[in-house]
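Following: one structure in structure tokens, then a few remarks.
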Amino acid sequence: METLLAPQSFCPLFNPKTSSKSPVHPSLLPRSSQSLTLTKPICSSLGKQLPQSTRQSFATPTSWFSHVHQGLAALAISLALNFCPLLPSGPALASEFDVLNDGPPKESYVVDDAGVLNRVTKSDLKRLLTDLESRKNLHINFITVRKLTSRADALEYAYQVLERWYPSVEEGNNKGIVVLVTSQKEGAVTGGPAFIQAVGDAILDATVSENLPVLATDEKYNEAVYSSAKRLVAAIDGLPDPGGPATKDNKRESNFKTKGETDEKRGQFSLVVGGLLVIAFVVPMAQYYAYVSKK
1 METLLAPQSF CPLFNPKTSS KSPVHPSLLP RSSQSLTLTK PICSSLGKQL PQSTRQSFAT
61 PTSWFSHVHQ GLAALAISLA LNFCPLLPSG PALASEFDVL NDGPPKESYV VDDAGVLNRV
121 TKSDLKRLLT DLESRKNLHI NFITVRKLTS RADALEYAYQ VLERWYPSVE EGNNKGIVVL
181 VTSQKEGAVT GGPAFIQAVG DAILDATVSE NLPVLATDEK YNEAVYSSAK RLVAAIDGLP
241 DPGGPATKDN KRESNFKTKG ETDEKRGQFS LVVGGLLVIA FVVPMAQYYA YVSKK
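Position one of the sequence shown corresponds to residue 1 (the UniProt record's numbering), numbered consecutively onward.
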């Protein structure tokens with residue numbers, strides 16, 4: 001940095017002839033060029049030719065101008081470093097692709113790419129799904145993502161994950177995939193033929209329409225995932241359906257008036273307006289009549 005901002009580097013600004021020096025080493029140039037290159041700079045020769053008084057008169061402005069240039073250059077570099085925007089990294093823009101490329105988890109049943117599940121939920125899921133796999137030979141993976149940029153909805157993305165992780169029918173026959181998209185507040189469940197048959201279409205549809213979206217809307221992501229897992233496991237074991245979460249009644253009282261109230265208000269308004277009109281016409285006429293009768 002000091003080499004670029006040294007006062008000597010601004011000498012070409014005052015002496016255009018010195019800016020034509022070739023960057024090639026003098027030994028590689030012709031003799032004629034070497035003679036031109038090896039000559040002393042014009043700014044130095046002028047300094048020797050000028051009298052002492054003249055050189056003193058030029059020393060102060062040149063030094064002052066060089067310091068100004070140094071200050072402006074340092075200010076420009078500081079502004080560029082402070083206000084230069086940082087570009088986001090690639091993985092933060094496409095997290096769903098990382099889930100596809102990394103493959104299924106090896107030591108757990110959860111890929112929490114959205115970062116919304118706590119340790120307790122992950123531990124409970126591992127215990128519940130490990131027991132299921134040991135008894136029924138069915139493996140369920142839960143995936144959370146923030147948003148989808150490559151697919152239209154969660155179900156299409158779940159199909160893609162199943163095909164990428166388990167390319168053959170034999171590998172994906174007993175596998176289940178549950179996807180929760182936190183930004184869109186929706187989820188999807190899919191899997192191989194053995195998994196779909198063990199759960200049943202009714203529980204699959206109920207889990208997708210009740211557990212995942214209802215609890216995700218309230219940002220209860222841990223409860224949404226774990227309640228979905230318990231509902232799927234209960235269906236596989238042939239136990240009674242625990243059901244979905246209780247939906248809240250978000251019905252609000254209307255601020256609009258009924259037809260009867262509107263008609264009643266309209267009648268009162270008409271009566272008031274009629275009375276004002278009568279007063280506006282009758283009172284001036286009465287005053288005028290009284291004034292004329294006096295004359």
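We put the beta carbon where it would ideally sit given N, CA and C, even for glycine.
Predicted model, so just to flag it, every value in this text is computed and none were measured.
Per DSSP, D113 lies in no alpha helix (DSSP H) segment and is marked neither H nor E. About 21 Å separates the beta carbons of V145 and V120, which is beyond the 8 Å limit, so they are not a contact pair. By the 16-neighbour rule on beta-carbons within 10 angstroms, V282 is exposed.
In the three-state scheme derived from DSSP, where H, G and I count as helix and E and B as strand, A152 is classed as coil. Shown here, G274 sits in a helix according to DSSP, grouped into three states.
Residue range E186 to G191 is occupied by the beta strand (DSSP E) that includes E186. Residue pairing for I177: DSSP places it in a beta bridge opposite N141 and T190. Within its own chain, the residues whose Cβ lies closer than 8 Å to the Cβ of D113, once the five positions on either side in sequence are excluded, are S95, E96, D98, V99, I143, T144, V145 and R146, listed in chain order. Contact between K230 and P242 holds: CB atoms are separated by about 6 Å, below the 8 Å threshold. When the beta-carbon positions are compared, G187 and V199 stay at least 7 Å from each other. Buried is the label assigned to T207, since at least 16 other Cβ atoms lie within 10 Å of its Cβ. Inter-residue distance for I196 and E171 is about 14 Å (C-alpha atoms, whole angstroms). Pairing N211 with A224 gives a Cβ-Cβ distance under 7 Å. Only residues of its own chain outside the window of five on either side were considered, and among them K185, E186 and G187 have a CB closer than 7 Å to the CB of P213, listed in chain order.
Taking 7 Å as the cut-off, the beta carbon of V116 is found closer than this to the beta carbon of Y221.
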